[in-house]
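Everything below concerns the one structure shown next.
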Amino acid sequence: MRITVEEALSIYPLSKAKLVAGAGGVGRLIQSVNTMDAPDVIDWISPGELLLTTAYAIKDTPDAFLKLLTKLDERGAAGIGIKLGRYWSEIPQIVLEEADRLNFPILDLPFEFAFSDQMNALFQAEFAKNTQQLHQDLDKQKQLVRFALQKVDFNNLFPMIAGILAQDIVVVSARGQLLYNSCDWPEVELLKGWPWAPQLHRARTEHGWYCRIPLLQDTDCYGYLIVIPDDGPVLPEEEGLLHQAAEILCYHMDHYYDDQQTVAGYQWSAVMERYLQRQITKETFLEQSRSLGSPLVGGGHVCVLTVIESPPGAAPPAPKKLRELLREVNYHPRLSSLESQHLTLEDTLLHVFKVQDTPAEGGSFADMVSQAYLELVHAMPGVPVRSYISRIKPELGAIRDAYEECTEARRISRQLGYDAPVVFFADLEFSYLFSHIPTPVMDRYCQTLLQPLTLKDADYAADMLRTLEAYIACEGQINDVARQLYIHRNTVQYRLEKLSELLGLDLRLTGDLLKAKLLFMFRQLLAQEQG
20 MRITVEEALS IYPLSKAKLV AGAGGVGRLI QSVNTMDAPD VIDWISPGEL
70 LLTTAYAIKD TPDAFLKLLT KLDERGAAGI GIKLGRYWSE IPQIVLEEAD
120 RLNFPILDLP FEFAFSDQMN ALFQAEFAKN TQQLHQDLDK QKQLVRFALQ
170 KVDFNNLFPM IAGILAQDIV VVSARGQLLY NSCDWPEVEL LKGWPWAPQL
220 HRARTEHGWY CRIPLLQDTD CYGYLIVIPD DGPVLPEEEG LLHQAAEILC
270 YHMDHYYDDQ QTVAGYQWSA VMERYLQRQI TKETFLEQSR SLGSPLVGGG
320 HVCVLTVIES PPGAAPPAPK KLRELLREVN YHPRLSSLES QHLTLEDTLL
370 HVFKVQDTPA EGGSFADMVS QAYLELVHAM PGVPVRSYIS RIKPELGAIR
420 DAYEECTEAR RISRQLGYDA PVVFFADLEF SYLFSHIPTP VMDRYCQTLL
470 QPLTLKDADY AADMLRTLEA YIACEGQIND VARQLYIHRN TVQYRLEKLS
520 ELLGLDLRLT GDLLKAKLLF MFRQLLAQEQ G
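Using this note's numbering, the letters of the sequence shown map in sequence onto residues 20 to 550.
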């Protein structure tokens with residue numbers, strides 16, 4: 020039995036009873052009903068029990084009545100109902116005051132009804148309540164089964180589950196992000212104790228009860244479903260329904276990001292792949308994109324090629340890893356709000372994002388995307404994720420150029436040994452252009468420019484070159500060069516003046532600075548080729 024004292028007082032004939040004290044405890048839960056007049060009644064009382072009695076064992080002894088009341092409260096009883104008129108004409112005032120202090124309900128039972136009538140009425144009400152709950156749970160289970168068998172719009176997935184369960188729910192990703200929240204609890208309370216163990220957890224906070232269920236598929240945890248009941252804890256008989264809802268959620272979350280989740284998405288991915296492989300013309304690609312309703316039509320876009328770099332000779336990443344990577348991108352709070360489409364190409368993942376005019380965080384759109392991908396890399400520790408970002412393109416037809424920029428950024432990064440997790444093609448554009456210059460031309464340029472320095476001592480020449488390279492890398496900031504090389508700024512200025520004399524360069528002029536920059540870029544490309 021699970022019924023509150025307040026609910027019991029609405030059930031006939033107990034509705035004829037009067038609540039004479041302990042009104043603050045009407046929310047106590049009645050789990051069983053007992054009737055007893057033996058002197059040792061307290062030895063048989065269980066938590067949640069409502070005791071019906073004539074109080075014969077303590078007649079005419081208010082102190083004994085007071086002691087019984089205290090013991091019942093200590094045992095966690097739900098309340099006491101007394102039939103007045105035979106052994107007690109009224110309940111002593113001292114007992115009523117103590118009951119009010121303890122918030123322990125005392126009921127004045129109707130004399131004309133037997134205890135069995137009142138107990139039977141409570142059991143009948145509980146039976147009717149359980150039967151109704153059973154029908155409701157069965158109906159919810161049917162709805163969950165129908166839900167599992169149909170294609171679902173992911174945007175409505177969580178509200179539909181909450182509607183079927185008729186409870187507030189919270190869905191948390193495997194990275195601790197709130198994917199959905201229909202309750203009014205503060206976020207800090209919902210995520211308290213993060214990270215959590217992937218196991219069932221029930222608890223009570225100052226805001227109420229909750230039940231947390233991990234979303235597990237095999238050994239992978241996709242997140243957590245938190246169910247917040249309207250009143251009281253989740254009952255053991257309700258847990259099966261919640262586990263079923265969690266299984267369905269896990270299934271849909273796993274398959275939502277599959278390339279073939281929607282026919283239109285699959286078709287557009289196929290069209291884009293054919294266009295990138297130069298199997299269809301630009302006009303055909305744009306026409307088919309419009310007919311498929313691609314959200315990228317109209318406006319600028321940027322491509323991001325994300326890969327899980329494998330060591331030389333190692334097998335490419337498993338599709339499961341790419342799916343996990345895709346899930347992280349689409350769970351990211353900023354990236355998930357952008358209009359985008361994706362394509363899996365061999366062992367890489369290509370995302371095309373539609374450019375927003377003004378990112379909510381301020382700054383440029385490209386910087387926002389770069390920061391988001393840096394956060395994504397940090398969310399997957401131990402996984403060698405690299406992302407390559409193209410220039411922003413003005414229209415969808417330039418997607419092939421954007422993709423080629425991403426692949427070139429990857430190639431050049433490998434060639435030059437860059438290990439940054441996020442790389443802009445724009446930062447490597449000079450290297451891309453100069454990689455097409457013949458090796459003899461680059462070698463002759465370097466030898467000609469450095470010829471005066473080669474006549475000097477080797478250590479002296481190395482220090483001078485290191486200073487010049489740092490000067491260019493720090494964009495002419497003397498103090499930054501000094502900090503980087505751990506030397507005094509006057510030493511930096513002296514070396515730069517000597518270099519200008521030796522190499523015939525005026526480092527205050529843009530043209531001469533460009534010559535010096537070309538020198539180091541060529542040296543880097545030559546060293547890579549020789550390595």
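Yeah, the Cβ is synthetic: ideal placement off N, Cα and C, and Gly gets one too.
Could you pull the DSSP bridge partners for residue i from this structure?
i    : result
Q556 : Limits of the chain in this structure are 20 at one end and 550 at the other, which puts residue 556 out of reach.
D187 : I247
T367 : V326 and L364
E68  : S51
V316 : Note: V316 sits in no beta bridge, so no partner.
C230 : R221 and V246
Measure the C-alpha to C-alpha separation of residue i and residue j and round it to an integer number of angstroms.
i    : j    : result
R223 : V441 : 43 Å
M138 : I125 : 16 Å
Q296 : A289 : 11 Å
T72  : D250 : 30 Å
G104 : Q143 : 27 Å
D478 : Q434 : 28 Å
I327 : L341 : 8 Å
G44  : Y106 : 26 Å
T4   : S406 : The chain is shown from 20 up to 550; residue 4 falls before or after that span and cannot be answered.
E3   : I247 : Beyond the ends of the chain as shown, which are 20 and 550, falls residue 3; an answer cannot be given.
R221 : I99  : 30 Å
L28  : A140 : 11 Å
T80  : P205 : 51 Å
E520 : T325 : 46 Å
M564 : S356 : In this structure the chain extends from 20 to 550, so residue 564 is not present and cannot be described.
H262 : H320 : 41 Å
E427 : I456 : 16 Å
S108 : L38  : 16 Å
Q496 : R502 : 10 Å
Y270 : F146 : 36 Å
I183 : L315 : 34 Å
V402 : Q286 : 31 Å
L522 : P352 : 52 Å
Q298 : L545 : 36 Å
Sorted by chain position, which residues of the same chain lie with C-beta nearer than 6 Å to residue i's C-beta, five sequence neighbours on each side aside?
i    : result
H1   : With the chain covering 20 to 550 only, the question about residue 1 has no answer from this structure.
V396 : V404 and P440
F123 : G41, G44 and D92
A421 : C322, S409 and K412
N233 : The identity of residue 233 in the sequence shown is Pro, whereas the question assumes Asn. Once the five neighbours on either side are set aside, the close Cβ partners of P233 are P217, C240 and Y243.
Q280 : Summary for Q280: the model assigns pLDDT 47, below 50, so the residue's position carries little reliability; its value from the coordinates is reported in the next sentence. There are no such residues.
A83  : I77
N53  : E68 and L70
Q375 : F384
At which residues does the beta strand (DSSP E) containing residue i begin and terminate?
i    : result
T325 : H320 to I327
R463 : Here R463 belongs to no beta strand (DSSP E); instead the alpha helix (DSSP H) covers T458 to T473.
A222 : H220 to T224
A40  : K37 to A40
V404 : V404 to I408
My guess is that residue i and residue j are in contact by the Cβ rule of under 8 Å, so how many angstroms apart are they, rounded?
i    : j    : result
V114 : L91  : In fact, because the Cβ distance is near 11 Å, the residues do not count as touching under 8 Å.
T486 : A480 : The Cβ separation is near 11 Å, so there is no contact.
P217 : P129 : Not quite, the Cβ-Cβ distance comes to about 53 Å (not below 8 Å), so this is no contact.
L518 : M540 : Not a contact, Cβ separation roughly 17 Å.
L515 : L528 : About 13 Å separates the two Cβ atoms, so there is no contact after all.
Taking the continuous alpha helix (DSSP H) assigned at residue i, which residues delimit it?
i    : result
I491 : A477 to A492
A428 : I418 to L435
R120 : Q112 to L121
D446 : Per DSSP, D446 belongs to no alpha helix (DSSP H) and is neither H nor E.
R502 : I497 to L504
V511 : R508 to L522
L87  : P81 to E93
H397 : F384 to H397
A97  : No alpha helix (DSSP H) holds A97; DSSP gives it neither H nor E.
V45  : Counting along the chain, V45 falls outside any alpha helix (DSSP H), and DSSP gives it neither H nor E.
L210 : That residue, L210, is in no alpha helix (DSSP H); it is neither H nor E in DSSP.
R309 : K301 to S310
For residue i, which residues from the same chain have a beta carbon less than 8 Å from its beta carbon, with the 5 sequence-adjacent residues on both sides left out?
i    : result
L210 : V191, G195 and L197
T23  : V45, G46, R47, L48 and I49
D56  : T72, T73, A74, Y75 and A76
Return the chain-ordered list of same chain residues with a C-beta closer than 7 Å to the C-beta of residue i, the five sequence neighbours on each side being excluded.
i    : result
S201 : A181, D187 and I188
L305 : L415 and G416
E488 : F539
R463 : none
Any beta-carbon of chain B closer than 9 Å to the one on residue i?
i    : result
L126 : Among the chains in the structure shown there is no chain B, since it carries only a single protein chain.
Taking only heavy atoms of the ligand MN into account, decide whether any of them is closer than 8 Å to the Cβ of residue i.
i   : result
E68 : No copy of the ligand MN occurs in the structure displayed, which carries no ligand at all.
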